[in-house]
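*Asks:*
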Amino acid sequence: MFLPAPGPDGKIYLTAARAGEAFGVKPDTIRRWERIGYLAAVPGSREAGGALYEFTAIGRAEKRARDAAIATSGTDRRVRRHIAA
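Numbering (our numbering), first residue to last: 19 to 103.
(1) Hey, I76 and F41 are a contact pair by Cβ (cut 8 Å); roughly how many whole angstroms apart?
(2) According to DSSP, is E65 part of a helix, a strand, or is it coil?
(3) On a Cα-Cα basis, can you pick out the residue from G55, Y56 and Y71 that is closest to D62?
(4) Label E80 either buried or exposed according to how many other C-beta atoms from any shown protein chain fall within 10 Å of its C-beta, with 16 as the threshold for buried.
(5) So what does E72 bridge to, in DSSP terms?
Rendered as structure tokens:
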């Protein structure tokens with residue numbers, strides 16, 4: 019996985035395409051996370067030529083999406099349930 023050098027503020031910024039590569043999802047998923055409020059583009063980046071997302075914010079959005087999926091499905095592959103027959 020390629021990550022660009024940190025910006026002047028020490029943070030790493032990614033486009034939706036690079037974020038998708040880094041987190042193993044499609045760029046549309048990154049944009050969906052933004053649309054539903056799990057992620058916000060860096061202010062001003064969209065006007066400057068394309069939305070950029072801060073690396074750690076993408077990680078938090080991915081965790082939120084995963085937790086929401088687990089909560090709505092009622093299952094978690096990480097937990098084994100023993101059901102008495």
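Built from N, CA and C at the ideal position, the CB exists for glycine as well.
*Replies:* In terms of the structure at hand:
(1) Correct: roughly 6 Å between the Cβ atoms.
(2) Residue state, collapsed to three classes: coil.
(3) Residue identity check: residue 62 is Gly in the sequence provided, not Asp. Ranking the options by Cα distance to G62, first place goes to Y71.
(4) Its Cβ being crowded by 16 or more others within 10 Å, E80 is buried.
(5) DSSP output for E72 lists Y31 as bridge partner(s).
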